[in-house]
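Accompanying notes for the structure given below.
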Amino acid sequence: MQWRRCINRVLIGTLLAAMGLGTSCTTETRHKILTVVFEDMPPPGQEQPSKPFVRKPRRPPPFKPPPPPMIRVTAYKPAFNTDWKAVLRKLPKYAAGGIDWVTALEAGDIKPQPGIDPEHAQEQPVLPLDVHLEPPAQPLFKVTFPHKPHTEWLACANCHPKIFHMQAGADPISMEKIFAGEFCGHCHGKVAFNVTTGCPRCHLALAGPQ
Amino acid sequence: MRQPAIGVLLLLVSVGPVLPVHAADVLGDITIHRKGADSSGFMPQAVFPHWIHRTRFKCYACHDELFQMQAGADDINMDAVREGRFCGVCHDGKTAFAVGFDTCERCHRAVNSGS
Numbered sequence: 000m001q002w003r004r005c006i007n008r009v010l011i012g013t014l015l016a017a018m019g020l021g022t023s024c025t026t027e028t029r030h031k032i033l034t035v036v037f038e039d040m041p042p043p044g045q046e047q048p049s050k051p052f053v054r055k056p057r058r059p060p061p062f063k064p065p066p067p068p069m070i071r072v073t074a075y076k077p078a079f080n081t082d083w084k085a086v087l088r089k090l091p092k093y094a095a096g097g098i099d100w101v102t103a104l105e106a107g108d109i110k111p112q113p114g115i116d117p118e119h120a121q122e123q124p125v126l127p128l129d130v131h132l133e134p135p136a137q138p139l140f141k142v143t144f145p146h147k148p149h150t151e152w153l154a155c156a157n158c159h160p161k162i163f164h165m166q167a168g169a170d171p172i173s174m175e176k177i178f179a180g181e182f183c184g185h186c187h188g189k190v191a192f193n194v195t196t197g198c199p200r201c202h203l204a205l206a207g208p209q
Numbered sequence: 000m001r002q003p004a005i006g007v008l009l010l011l012v013s014v015g016p017v018l019p020v021h022a023a024d025v026l027g028d029i030t031i032h033r034k035g036a037d038s039s040g041f042m043p044q045a046v047f048p049h050w051i052h053r054t055r056f057k058c059y060a061c062h063d064e065l066f067q068m069q070a071g072a073d074d075i076n077m078d079a080v081r082e083g084r085f086c087g088v089c090h091d092g093k094t095a096f097a098v099g100f101d102t103c104e105r106c107h108r109a110v111n112s113g114s
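Residue numbers (numbering that gives the first Met the number 0), protein chains in the order written: chain G, 0 to 209; chain R, 0 to 114.
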C-alpha cells in the first residue's frame, strides 16, 4: 500500500501547484512558467499563438548541390536581310553591268559598318581631294582620281604607302600595269568596277563635252 | 515513241533538284584555292562573295587587319576558322552564321568564279 500513498501525494502536490498557478500568480508569471512546457502557448490577452513555433533541426539538413547552370542555345537569327538574291537585285548597277557601290552608299541602299565590333569600330576620315594625273603630252588621257569615294570605303593605310606613294605623280602608273594587277588594278577589275564600265569613268576627258 | 519522252522528263525531274544552285557570278567573288594534294574532290573549294560582305562592312573593317589584300596570301584553313581567325572572327553564330556541318555548302559551293 506504500506506492499507492506515494502516487496520491504526487497527485495532490500537482493539483495544489496547479491551483496555486491558477489563483496566486500574475498572468505574466504564469505564462512564463507554462511556456516552459507548452511552448506555443499564446501570451496573455491573445487568442492564437502569434507565429507557429519552429523547432531548430537537430542536425543540419543534407547538402544538396546546386543545379548546373542552364545553357540556353539560341538559334542564329540575323538582323539583316539574308535573301541575297533579292539584295543583289536591288543594288544599283552600271550600264555595262556590275554593282555601282559608290551610288549604293550615297543613296543609302547599304550602310556598311566601319568595323566588325559595332561599339569599338572607328569611322575613317573621308578626304575630298581630287588628284589630277596627266600622262606626258597626252592631255586627253588625263585621269582625275577622286579620294572621296575611295576613302568612304578604304582607310588611308589600305593603299598608302604600300600600293601608292603619298606624292602625286611619283608612281609610274600605266594601263598595262593596272591590267597586270598593279596600282589601281589591285582592286579595279577584281572587286571594284572593271574596264567594261568604260574608259571615261577615270579618263574624264574621253567622255567628251558634257 | 512516247516512252523515251517520258523517260527524259522523269530524268530531268529527278536530276533537277540535285544540280547545284548558286548565286550569280559577281565581280569580286574569290575562290579560295585549296593548297596541297586533294584528289578526293568530295568538297568543293570555298568561294568568298565579296559583294555580300560589302553590303555590311567597309573595306577597312577586314583589310588589312584580318585579310591581306591579295587573294591567296593568307593561309586560310578550317582549323584556323574554327579557332576564330580569318572568317571565324565573324562566322561564330553571333555576327554571322556559324561554321558547322550544317553550313558547309554556304561557302563550299560548286562555282569557280572571279579569281
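All C-beta atoms in this analysis are idealised placements derived from N, C-alpha and C, irrespective of residue type, glycine included.
Whose C-alpha, out of the options, is nearest the C-alpha of residue i?
i	options	result
R/Phe100	R/Cys58, R/Arg81, R/Thr54	R/Arg81
R/Arg55	G/Val125, G/Ala106, G/Gly114	G/Gly114
G/Pro134	G/Pro127, G/Leu128, G/Val142	G/Val142
G/Gly107	G/Glu122, G/Pro91, G/Ala120	G/Pro91
G/Ala103	G/Glu38, G/Pro48, G/His187, G/Arg88	G/Arg88
G/Phe178	G/Ala167, G/Val194, G/Phe163, G/Gly168	G/Val194
R/Asp78	R/Ala72, R/Cys86, R/Leu65	R/Cys86
G/Pro148	G/Phe192, G/Ile172, G/Gln47, G/Leu126	G/Leu126
G/Glu27	G/Ala16, G/Leu14, G/Pro41	G/Pro41
G/Trp47	G/His164, G/Lys110, G/Asp39	The sequence shown places Gln at residue 47 of chain G, not Trp. G/Gln47 has its Cα closest to that of G/Asp39, out of G/His164, G/Lys110, G/Asp39.
G/Pro145	G/Leu139, G/Leu132, G/Pro138	G/Leu132
G/Asp44	G/Ala191, G/Pro66, G/Pro60, G/His30	The sequence shown places Gly at residue 44 of chain G, not Asp. Here the closest residue by C-alpha is G/His30.
R/Gln44	R/Val88, R/Ile75, R/Met68, R/Ala97	R/Ile75
Can you tell me whether residue i is buried or exposed? The criterion is at least 16 other CB atoms within 10 Å of its CB, across all chains shown.
i	result
R/Leu108	The sequence shown places Arg at residue 108 of chain R, rather than the Leu named in the question. Burial call: buried.
R/Leu26	buried
G/Thr150	buried
R/Asp28	buried
G/Trp2	exposed
G/Ala136	exposed
R/His52	buried
G/Val130	exposed
R/Gly40	exposed
G/Pro77	exposed
G/Lys84	exposed
R/Ile115	Not covered by the structure: residue 115 of chain R. The range shown for chain R is 0 to 114.
R/Pro48	buried
G/Gln123	buried
G/Leu10	exposed
Pull the bridge partners of residue i from the DSSP assignment, please.
i	result
G/Lys92	G/Ile98
R/Phe47	R/Ile29
G/Gln112	R/Phe56
G/Thr143	G/His131
R/Phe66	R/His62
R/His123	Outside the displayed range of chain R (0 to 114) lies residue 123 of chain R, so it cannot be described from this structure.
G/His187	G/Ala191
Would you say residue i faces chain C, with C-beta separation under 9 Å as the test?
i	result
G/Cys186	Included in the structure are the protein chains G and R, with no chain C among them.
Our contact map puts residue i next to residue j with C-beta atoms below 8 Å; I'd like the distance itself, whole angstroms only.
i	j	result
R/Tyr59	G/Asn80	Not really, about 23 Å apart at Cβ, beyond 8 Å.
ask   = With a cut-off of 8 Å, do at least 3 Cβ pairs link the region 165-180 of chain G to the region 62-72 of chain G?
value = no
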